[in-house]
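Notes for the one structure printed next.
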């Protein structure tokens with residue numbers, strides 16, 4: 001029951017009992033302070049009470065700590081996921097740049113080979129880029145980014161750094177179509193480098209190689225023989241690599257041998273090619289041949305020549 005303002009506090013009541021109670025409390029407090037100061041009993045009591053109460057504190061704070069741990073774990077997982085995604089994107093970008101650099105290096109190497117071929121051949125050639133591939137049924141052709149506006153004409157030979165690729169069959173103002181040597185409709189006169197045998201190499205129906213169907217039975221043709229352009233027909237200059245024989249066997253008719261060959265040019269990988277222009281005809285008559293005679297120190301003196309002439313004249317008379 002709460003006390004009213006008119007009622008005095010029982011601890012500080014004006015009676016003798018209240019005064020004794022106050023003195024008792026003060027004495028007990030002084031004793032406790034002295035004992036705590038000398039022996040630390042109060043600290044021990046607080047320590048024992050803390051040991052008993054601490055699990056209760058932990059149990060009461062467990063839900064809050066659990067929610068906090070979950071929030072931290074979720075935040076860390078989200079951060080790690082984002083960082084992992086960012087690292088994966090950086091890795092993909094680095095791989096793309098590396099692949100691009102490798103492709104550029106390979107392209108530069110091919111261009112260098114083409115330039116070296118141009119310089120070594122000393123021919124009138126034109127560099128062109130492949131802009132399309134047409135590998136339809138029964139066709140094996142590519143499209144170049146140059147046409148009639150660049151001086152391209154039908155029948156112009158096309159080569160790369162390793163050999164003959166084909167010839168131009170269609171010309172548009174800014175583009176042209178090249179029939180590859182592996183096209184079934186293509187044929188090219190060749191000669192076997194080792195023996196000098198002349199024959200014709202045709203494209204195969206599958207567009208993967210060359211076929212030499214009309215080789216005499218007594219001809220010496222072996223796997224590994226190189227095929228070069230023979231120059232017959234005037235379309236392809238002589239001496240350009242065409243392919244390498246990989247198989248020789250009797251023809252189905254039994255009257256000839258037939259050989260299959262692998263093209264020398266990189267038909268499925270070349271991105272830049274060379275178009276051969278017609279060689280300029282020499283102007284005027286050919287230069288006179290240099291005279292060949294005995295060395296000057298072996299030539300006869302003029303007097304000896306005169307005496308010989310006189311003697312010969314006398315003999316004829």
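In the UniProt record's numbering, the protein residues as written are 1 to 317. Beta carbons: idealized from backbone N, C-alpha and C, even for Gly.
Residue i to residue j span [Cα, whole Å]
i           : j           : result
residue 283 : residue 230 : Caution is warranted here: a pLDDT of 42 is assigned to residue 283, below 50, making its placement in the model unreliable, and no coordinate value can be reported.
residue 127 : residue 199 : 30 Å
residue 86  : residue 80  : 10 Å
residue 366 : residue 59  : With the chain running from 1 to 317 in the structure shown, residue 366 is simply not present.
residue 212 : residue 201 : 5 Å
residue 138 : residue 171 : 20 Å
residue 83  : residue 106 : 34 Å
residue 294 : residue 228 : The pLDDT assigned to residue 294 is 49, lower than 50, so where the model puts this residue is not dependable; a value taken from the coordinates is nonetheless given after this. The alpha-carbon atoms of residue 294 and residue 228 are separated by roughly 41 Å.
residue 182 : residue 91  : 41 Å
residue 223 : residue 97  : 42 Å
residue 147 : residue 255 : 44 Å
residue 52  : residue 45  : 11 Å
residue 341 : residue 93  : Here the chain covers residues 1 to 317 and nothing more, so residue 341 does not appear.
residue 368 : residue 55  : Coverage of the chain is limited to positions 1 through 317, which leaves residue 368 absent and any answer about it impossible.
residue 18  : residue 72  : 59 Å
residue 196 : residue 102 : 41 Å
residue 161 : residue 261 : 18 Å
residue 215 : residue 125 : 33 Å
residue 57  : residue 24  : 36 Å
residue 75  : residue 27  : 59 Å
residue 250 : residue 194 : 20 Å
residue 16  : residue 63  : 54 Å
residue 149 : residue 235 : 22 Å
residue 290 : residue 153 : In this prediction, residue 290 has a pLDDT of 48, which is less than 50 and means its spatial position is unreliable; what the coordinates show is noted afterwards. Using only the alpha carbons, I get a separation of about 39 Å.
residue 33  : residue 43  : 11 Å
residue 50  : residue 35  : 20 Å
residue 22  : residue 69  : 52 Å
residue 61  : residue 99  : 56 Å
residue 247 : residue 220 : 13 Å
residue 205 : residue 265 : 18 Å
residue 20  : residue 31  : 16 Å
residue 240 : residue 185 : 20 Å
Start and end residues, beta strand (DSSP E) containing residue i
i           : result
residue 259 : 257–263
residue 181 : Taken as a continuous stretch (DSSP letters only), residue 181 belongs to no beta strand (DSSP E), as it is neither H nor E.
9 Å Cβ cutoff met for residue i and residue j
i           : j           : result
residue 245 : residue 259 : yes
residue 203 : residue 187 : yes
residue 151 : residue 167 : no
residue 157 : residue 238 : no
residue 209 : residue 252 : no
residue 175 : residue 143 : yes
residue 133 : residue 273 : no
residue 140 : residue 192 : no
Supposed close pair residue i, residue j - CB separation, criterion 8 Å
i           : j           : result
residue 276 : residue 159 : 7 Å
residue 348 : residue 270 : Since the first residue of the chain shown is 1 and the last is 317, residue 348 is not available in this structure.
residue 233 : residue 189 : 6 Å
Task: Secondary structure, beta strand (DSSP E): runs of 3+ residues fully inside the region 123–177 - done: 125–134, 141–144, 157–159, 164–171
TODO: Go through the region 183–270 residue by residue and report every complete run of the beta strand (DSSP E) that reaches 3 residues or more, in order.
DONE: If you keep only unbroken beta strand (DSSP E) runs of at least 3 residues inside the region 183–270, you get 187–192, 198–203, 210–215, 226–229, 241–250, 257–263.
- [ ] Enumerate, from N- to C-terminal direction, the unbroken alpha helix (DSSP H) stretches of 4 or more residues contained entirely within the region 8–95.
- [x] 16–39
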